[in-house]
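Note sheet for the following structure.
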Amino acid sequence: MSIPVSLESVVFVYPDGTRALDGVSLEVPPGDRVAIVGQNGSGKSTLVRQLNGLLRPTAGRVHVGGRDARELHVAKLAAVVGLAFQNPDRQIFAGRVRSEVAFGPRNLGMRGSALARAVDAALQAVGLETDADTNPYDLGYSRRKLLALASVLAMGTPVVVLDEPTTGQDARGVERVRGIVGELSAAGRTVITISHDMRFVAETFARVVVMRAGRIILDGTPSETFAEQSWPVLASTFLEPTLPARVGATLALGSTPTEASLLDALGRR
Amino acid sequence: MAIELRAAGYRYLGATHPALESIDLRLEPGHVVGVVGANEAGKSTLCLVAAGLAPATIGGKLDGSVTIDSVETRTMRPHEVAQRCGILFQNPATQLSGTTRTVWEEIAFGPRNLGLPLAELAERVDWAIGIVRIERLAPRDPTMLSGGEAQLVALASVLALRPAYLVLDEPTSQLDPLGTRLVGQALRALARETGTGVLVVEHKADLLVRVAEQVVVLDRGRAVIAGPADAVFAGPGLEEHGVDRPSAVRVERALRAAGYEVAGTIAAAIAAAADADVAGGADGDGAQFVAAGAAAGGEDVSA
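Going down the list, the sequences are from chains A and B.
Numbering follows numbering that gives the first Met the number 0, with no gaps: position 206 of the first sequence is 205.
Numbering follows numbering that gives the first Met the number 0, with no gaps: position 3 of the second sequence is 2.
Pasting the structure below:
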């Protein structure tokens, strides 16, 4: 199940007058793996909330699966676009890990063994299979974050949106999230992720969208986004290229956003 | 003068296993000690123990010795502990008082309870706001902040108490790269300029290697590696404890593993990249803010 999503000149103004999105157009083809980066307050979270109807554009259009999102009720959008919040505690409410994860897919009509399979697979993906009966609030922050991710995975939505999935994760946790993004993508599902972690972004995503003050200022592959000629644009919103990108530029190896691409470039020299 | 843990162990109320075992750690004024470790290695518990909240506030069983300036924390009352050591919790939302209408008032909440004269109170609040550069947030409603903003406000609230020691549990987890860099600079400067002792839990190795002199690696409640930050991050064993290395060390090791000699132009390129700075976040700005605050501020500077 793969569907395209797109924003067309979307403007969003909060009730207090903050213009969080200032004319954003973005097309995400089915199965794309997109990271959205930018400073706190640049509009990243506001943008992804347009996709599942949590927020509706002040002006412009949002299309989900070829349909204008205005025609789709939030419940309908929730079946298509799953969103894991930045703060897991905004989302967690159940008394047991298993019921927390089952809530979403049950709302989508899943029952019986199909539901159990979806829940088990999601718990396994995030490494919480032995905690199915634990109270979510007995888990540490990092595992509550993984639980929130599992709850979205279990819904099997064609589009998965992750808001800062690596916050508070240790090295293994980041690796796990990277693996999950890869598997979702391999299954043809679209993954849109907000992140401040440039290494995670460069190593995990096929496309990087850079936002500043409610607009998209850069949109390309990690190789394009972290290439030396893009650094002034990144710097304009206080983002840094990854360390391998800097090393590659100094050694005149071209764009090497990741350790792997740096090694490749050195090998070709 | 120091926070000192000697063979310290801790077990939560009702828990069957200790969360910490035989920890030795010393935090001196003017120093920054980093704590790293996999999820649930005991880092947050170490924060509670070092800051004296465990057992003073939350009970549980403390073994060994934990002293703040030579006083055993188990003999201290919660307010005595709080006056010497400030703590920033992992989730900033748990830190906000929920009783104030503006961020400025929120940051004033703690120092107001110390009974300071109004002028000094205002100075402290403005100083703390300046350190984390949240002037633009001062008039905002503290319950309507983003995660990153709330984290900076919570940090400023702790700083405004001007404690001799600071214990910070992942203070930059929700911040963007610039915010992370600025907080790092501010902590360095705070230690250097005001003699504050800082214990900071972080997953971001790139930040710790710039900020901390010493690093302690925790695994399953024990301190398994400890030493100077550079040595620990370049040394063996981090992977098995689930701890990340700084980008420069990672790249060096990856190149060596692929058979390259990391010397000459390659070594220079890595060193230059590691020193490169985010645009607009020039090193030293944080120091200026803290120095100004220390001059304006007060008699309670611990150094």
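Idealized CB from N, CA, C, for every residue including glycine.
Nothing here was measured: the structure is a model prediction, and the numbers come from that model.
| Check | Outcome |
| --- | --- |
| What are the residues of the stretch 173-184 of chain B that lie near chain A, defined by any Cβ-Cβ distance shorter than 8 Å? | Q173, L174, D175, P176, L177, G178, T179 |
| Give the range of the beta strand (DSSP E) segment to which G196 of chain B is assigned. | 196-200 |
| By the DSSP assignment, the beta strand (DSSP E) with Y164 of chain B in it spans what residues? | 164-168 |
| Of all Cβ atoms in chain A, is any one closer than 9 Å to the Cβ of S246 of chain B? | yes |
| Let me know the secondary structure DSSP gives K60 of chain B once reduced to three states. | strand |
| How about H202 of chain B: is its C-beta nearer than 9 Å to some C-beta of chain A? | yes |
| Quick one: Cα of L198 of chain B to Cα of Y164 of chain B, how far? | 8 Å |
| Can you find a C-beta in chain A that's less than 9 Å from the C-beta of Y259 of chain B? | yes |
| Under DSSP, the alpha helix (DSSP H) around H78 of chain B begins and ends at which residues? | 77-83 |
| Given this structure, state the Cα-to-Cα distance separating E201 of chain B from L95 of chain B, to the nearest angstrom. | 21 Å |
| Going by alpha carbons, who is nearest to A226 of chain A out of A:R211, A:A201, A:R188? | A:A201 |
| For I35 of chain A, I'd like the list of residues in its chain whose CB is within less than 6 Å of its CB, leaving aside the five on either flank, ordered along the chain. | K43, I193, V208 |
| Can you look up F11 of chain A in the DSSP assignment and give me helix, strand or coil? | strand |
| Take the Cβ of G16 of chain A as the centre, count every other Cβ of all protein chains shown within 10 Å, and call the residue buried at 16 or more, exposed below. | exposed |
| Determine, for V231 of chain B, whether the minimum Cβ-Cβ distance to residues of chain A falls below 9 Å. | no |
| Please return the same chain residues whose Cβ sits closer than 6 Å to the Cβ of L53 of chain A, not counting the five positions on each side in sequence. | none |
| For chain B, is any of its Cβ atoms less than 9 Å away from the one on M197 of chain A? | yes |
| Closer than 7 Å, Cβ to any Cβ of chain A: which residues of the stretch 76-105 of chain B, in chain order? | Q89, N90 |
| What number of angstroms, rounded off, separates the C-alpha of R89 of chain A from the C-alpha of A253 of chain B? | 39 Å |
| If you drop the 5 nearest sequence neighbours on each side, which residues of the same chain put their C-beta closer than 6 Å to that of P3 of chain A? | P28, P29 |
| DSSP state of D130 of chain A, grouped into three classes? | helix |
| With distances taken from CA atoms, which of B:M0, B:L136, B:S21, B:P91 is nearest Y330 of chain B? | Look at the range of chain B in this structure, 0 to 302, and you will see that residue 330 of chain B is not part of it. |
| Please identify, using Cβ separations under 7 Å, the residues of the stretch 220-235 of chain A that lie next to chain B, in order along the chain. | A234 |
| Output, in sequence order along the chain, the residues in the stretch 140-158 of chain B whose CB is closer than 8 Å to any CB in chain A. | S145, G146, G147, E148 |
| Give every residue of the same chain whose Cβ lies closer than 6 Å to the Cβ of I179 of chain A, excluding the five residues on either side of it in the sequence, and list them in chain order. | A124 |
| With a threshold of 7 Å on Cβ separation, who are the neighbours of A77 of chain A within its own chain once the five nearest residues in sequence on each side are excluded? | N51 |
| For P245 of chain B, which option in B:N112, B:F88, B:A268, B:D205 has the closest C-alpha, if you only look at C-alpha atoms? | B:D205 |
| Look at the Cβ atom of A244 of chain A, then the Cβ atom of P256 of chain A, and state whether they are nearer than 9 Å. | yes |
| Looking only at DSSP bridge pairs, what is I22 of chain B linked to? | B:A7 |
| For A188 of chain B, count neighbouring Cβ atoms within 10 angstroms of its own Cβ and tell me buried if that reaches 16, exposed if not. | buried |
| Closest Cβ-Cβ distance between L265 of chain A and chain B: below 9 Å? | yes |
| G241 of chain B versus chain A: which residues are under 7 Å apart at the beta carbon? | D169, A170, R171 |
| Just the C-alpha distance for D125 of chain B and G97 of chain B, rounded to the nearest angstrom, thanks. | 20 Å |
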